[in-house]
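Mapped onto our numbering, the consecutive letters of the sequence shown carry residue numbers 21 to 515. Yeah, the Cβ is synthetic: ideal placement off N, Cα and C, and Gly gets one too. Take a look at the structure set out below.
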Amino acid sequence: MAKEKKSPRPKAETPKGFRDYFGAQVTERADMLQKIAGVYHRYGFDALESSAVETVEALGKFLPDVDRPNEGVFAWQEAEEDGNGDWLALRYDLTAPLARVYAQHRNDLPTPYRRYAMGPVWRNEKPGPGRFRQFYQCDADTVGAASVAADAEICAMLSDALEEVGIARGDYVVRVNNRKVLNGVLEATGLGDDQARKDAVLRTIDKFDKVGTVGVAELLGKGRLDASGAYIDGVGLAEEQAGPVLAFLTSKDGDNAATLANLRAAIGASAVGAEGVEELEQIAGLLAAGGYGPDRIVIDPSVVRGLGYYTGPVFEAELTFEILDEKGRKRQFGSVAGGGRYDDLVKRFTGQEVPATGVSIGVDRLLAALREKGRIASAEQGPVVVTVMDRARMADYQAMVAELRSAGIRAEVYLGNPKNFGNQLKYADKRQSPVAIIAGSDEFDAGKVQIKDLILGAKIAQSATLEEWKERPSQFEVPRSQMLARVQAILDGQG
């Protein structure tokens with residue numbers, strides 16, 4: 021009889037492009053999102069949790085640079101006998117589900133509808149360094165308000181949220197632009213209905229951050245050599261056609277009024293461009309009235325990412341402090357949030373244009389920035405560990421830990437093998453515990469406990485003198501009735 025083959029053991033590894041989050045990481049993210057949610061709530065926004073799964077039909081066109089059906093998302097077809105089951109997909113952002121929710125429940129929702137949402141999204145893309153297939157987003161949107169006051173409110177709220185989580189004023193700027201101004205610039209180029217060349221101009225403008233004014237000028241004209249030495253063909257605009265585009269990109273001045281004046285010159289006689297400049301002027305005025313000056317929020321035409329998606333104002337939060345990259349070179353931290361006005365999204369469901377504007381915060385990038393600035397502790401403090409010296413007294417140990425927990429202190433009883441006491445203290449160190457409680461039969465008979473101050477113990481091991489150790493030993497005995505008070509004192513830094 022043939023011997024049955026054993027199935028190979030599965031590999032214990034995360035799928036490519038995914039990762040696991042452990043205690044401190046989860047807590048840090050939750051704390052940051054709670055602070056952001058507090059700001060959004062003050063602004064009158066309501067929380068929304070929508071399904072992680074949407075129909076492919078509801079999601080519509082997926083990622084901006086992908087055209088193939090179901091490409092870019094994790095999608096599957098439901099099993100039906102006739103083979104015509106619905107196609108479903110994990111959400112790739114939090115905006116497409118909002119459009120579906122609003123269209124479905126619009127008769128029950130207030131108008132305008134302010135909502136914020138936080139949660140994971142999934143993208144079926146090739147992973148790379150710092151690029152994962154599952155990540156967190158934190159969005160806030162206003163649906164049903166055509167006034168640019170809604171855009172100004174989003175910018176102010178974003179500014180407040182950054183400061184609330186620990187990004188100091190001066191370390192960030194919210195930059196604001198307008199798609200209508202760019203449309204006016206495209207009109208000024210004289211390309212008329214040549215949509216292909218207009219799209220080429222948009223793609224070139226999107227490279228402004230990388231190649232600068234000279235590089236954009238070359239790409240708008242005949243072309244340029246890139247860093248690898250390859251020649252990239254240009255759009256082929258004449259110098260006078262490229263002029264409005266370059267004027268638009270370089271119109272930022274020291275204050276908003278001067279920038280707006282430069283933009284008016286760049287758009288020429290374009291009516292839609294003039295409308296965009298007027299909207300930016302209104303936004304700047306509303307923000308100034310609320311105390312949000314150019315030190316926090318600024319009109320900046322160099323914000324060009326997402327202009328193919330947005331229909332009006334666009335904004336981006338950029339952190340202005342420098343960090344060292346992998347090669348030790350200084351660079352600016354960069355963008356942590358972006359958004360804008362998108363008046364066409366809900367129309368897919370209703371057939372009617374519904375104005376909407378919103379912002380999305382890159383959760384992982386903002387957390388990285390807070391760590392860089394030292395605004396998040398590198399490690400979360402672990403629980404107080406009640407060690408086990410006598411298994412027969414487990415009920416007494418549980419009473420100790422219950423008393424600590426009732427006082428709001430994180431605490432746990434050691435539940436591993438208690439035979440080797442040294443392993444219990446190693447466990448406490450690994451848990452980054454501040455205190456260990458020790459009690460055996462002698463301590464129970466005397467009505468006392470031993471308290472080991474692990475915070476002080478670590479300091480003594482590093483640098484404390486013998487005199488300091490004698491003055492405040494890291495382990496001491498106290499009456500059982502004083503256990504809670506002495507543990508609380510150590511946690512409060514009073515020893």
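Given a cut-off of 8 Å on the beta-carbon distance, is the pair residue i and residue j in contact?
i, j, result
"Leu280", "Val297", "yes"
"Val379", "Ala415", "no"
"Gln157", "Phe38", "no"
"Gly164", "Pro132", "yes"
"Val433", "Gln418", "yes"
"Val404", "Val318", "no"
"Glu183", "Lys55", "no"
"Ser494", "Lys472", "yes"
"Ile396", "Glu48", "yes"
"Lys393", "Pro321", "no"
"Asp66", "Arg135", "yes"
"Leu504", "Pro454", "no"
"Tyr330", "Met177", "no"
"Ser71", "Gly204", "no"
"Thr527", "Thr162", "As shown, the chain starts at 21 and ends at 515. That puts residue 527 outside it, with no answer to give."
"Pro333", "Val196", "yes"
"Ala137", "Glu69", "yes"
"Ala208", "Pro149", "no"
"Glu463", "Gln452", "no"
"Gly359", "Ile174", "yes"
"Phe228", "Val234", "no"
"Leu269", "Ile225", "yes"
"Leu240", "Leu222", "no"
Does residue i come out as helix, strand or coil in the three-state DSSP assignment?
i, result
"Gln54", "helix"
"Trp489", "With a pLDDT of 47 at Trp489, under the threshold of 50, the modelled position of this residue cannot be trusted; read the value that follows with caution. Note: Trp489 maps to helix in three-state DSSP."
"Arg411", "helix"
"Gly232", "helix"
"Asp416", "helix"
"Pro84", "Bear in mind that a pLDDT of 47 at Pro84, under 50, signals an unreliable position, so the number given afterwards is only what the model happens to contain. Residue state, collapsed to three classes: coil."
"Glu432", "strand"
"Tyr312", "coil"
"Arg217", "helix"
"Gly263", "helix"
"Val163", "strand"
"Ala376", "strand"
"Phe268", "helix"
"Tyr516", "Residue coverage of the chain in this structure runs from 21 to 515, which leaves residue 516 outside it and unanswerable."
"Gly288", "coil"
"Ile187", "coil"
"Gly305", "helix"
"Leu504", "helix"
"Ser453", "coil"
"Ser426", "helix"
"Val201", "helix"
"Tyr60", "helix"
Quick one, which of the options has its alpha-carbon nearest residue i's?
i, options, result
"Val324", "Phe369, Ala123, Val201", "Val201"
"Gln502", "Gly513, Leu424, Phe441, Gln452", "Leu424"
"Glu260", "His61, Ala220, Leu206, Val93", "Leu206"
"Gly80", "Val196, Arg368, Gly204", "Arg368"
"Ala109", "Thr75, Glu98, Arg126, Glu101", "Thr75"
"Lys242", "Lys230, Ala262, Pro35, Glu463", "Ala262"
"Val73", "Arg120, Val46, Ser167", "Arg120"
"Asp171", "Ile287, Leu300, Glu295", "Leu300"
"Ser355", "Gly371, Pro333, Val383", "Val383"
"Leu387", "Ala247, Val46, Pro35", "Val46"
"Asp40", "Gly274, Phe152, Glu173, Lys230", "Phe152"
From the DSSP secondary-structure annotation, give me the bridge partner or partners of residue i.
i, result
"Ile337", "It is Ala, not Ile, that sits at residue 337 in the sequence shown. Answer is Val194, Ala357, bridged to Ala337."
"Gly402", "Paired residues: none, contrary to the question."
"Pro117", "In DSSP, Pro117 forms no bridge with anything."
"Gly210", "For Gly210, which the question treats as bridged, DSSP gives no partner whatsoever."
"Cys158", "Met138, Ile381"
"Ile458", "Gln470"
"Ile317", "Val194"
"Ala109", "Glu74, Ala95"
"Lys446", "Lys446 is not bridged to any residue."
"Arg151", "Gly148"
"Asp66", "Arg135"
"Pro499", "Lys468"
"Ile252", "Arg244"
"Ala294", "BP columns for Ala294 are empty, so no partner."
Say whether chain D places a C-beta atom closer than 8 Å to the C-beta of residue i.
i, result
"Leu387", "Here there is only one protein chain, and chain D is not present."
Do three or more CB pairs link the segment 132-144 to the segment 354-365 at distances below 8 Å?
no
Count Cβ pairs between the segment 183-199 and the segment 334-341 that sit closer than 8 Å; are there 3 or more?
Taking 8 Å as the limit for Cβ pairs, the verdict is that the segment 334-341 does touch the segment 183-199.
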